[in-house]
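Presented below is the structure to which this report refers.
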Amino acid sequence: MPGTQAPAGLRDVRPGPGVRVARVSGRCGGCVGVTAKGIVELLIPARAEYLQLVRTVVGEAAAVDSSLDAERIADLRLVVSEAATNAIYAQAAAGVEDRIVVRCNLAAEQIEIEVNDRGAGFDPDEVRSLPAAESPKRLEHESGLGISLMRRLADETTIETSVDGTVVRLVVRFLATGDET
């Protein structure tokens with residue numbers, strides 16, 4: 005609203021009616037926008053220091069609906085962090101400096117997250133198979149759990165990739181009263 009002050013560290017940069025955008029303080033910072041339909045959109049530099057912002061914004065957006073318990077919100081924060089981390093690595097490997105886009109759509113029965121990068125793309129079916137997380141041999145591998153964590157913790161995980169970038173779509177459904185995970 006005009007005349008109201010943005011939260012600490014944020015500057016109100018409203019582009020037009022129905023959209024509220026806040027720019028995170030600092031040069032080349034991230035932007036957070038909310039559309040009239042309740043879709044939260046973040047544009048972040050492809051840098052690891054913005055992962056906490058992604059986790060926080062997505063977690064707070066998910067907490068708006070009381071159907072998600074703290075454990076499911078923690079799962080959501082983890083999978084979006086993994087997707088954003090992969091996007092950061094992909095853009096760095098491709099030498100792309102574009103911002104990564106994270107969209108969070110809180111619908112009636114689910115929350116849908118999209119993470120878009122402009123990296124070189126990859127074939128998700130060719131991601132190497134790793135030993136099970138509980139296997140001692142797994143300790144020999146420093147990375148590689150991101151996609152398997154996304155597939156395990158989200159109700160739906162879709163990866164669309166091309167030479168122009170990758171879109172990771174994660175869906176977490178709200179539980180009806182009395183349902184169990």
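Residue numbers (our numbering): 5 to 185.
Cβ coordinates follow ideal geometry from the N, Cα and C atoms, glycine included.
Check: What do you reckon, are the CB atoms on Ala188 and Ala124 nearer than 8 Å?
Finding: Only positions 5 to 185 of the chain appear in this structure, which leaves residue 188 out of reach.
Notebook entry, point to check: What is the DSSP secondary structure of Arg177, reduced to helix, strand or coil?
Noted result: Strand, per DSSP.
Item checked: Boundaries (first-last residue) of the beta strand (DSSP E) holding Leu143 -> Premise fails: Leu143 is in no beta strand (DSSP E) and is neither H nor E.
Notebook entry, point to check: For Ser70, which three-state DSSP category applies?
Noted result: Annotated three-state conformation of Ser70 is coil, per DSSP.
Next item on the list: Could you pull the start and end residues of the alpha helix (DSSP H) that Arg156 belongs to?
Entry: Run containing Arg156: Gly150 to Leu157, per the alpha helix (DSSP H) assignment.
Check: The beta strand (DSSP E) with Arg107 in it runs from where to where?
Finding: Counting along the chain, the beta strand (DSSP E) containing Arg107 begins and ends at Ile104 to Leu110.
Note to self: Please report the straight-line C-alpha distance between Gly63 and Leu80, rounded to a whole angstrom.
What the structure shows: Using only the alpha carbons, I get a separation of about 7 Å.
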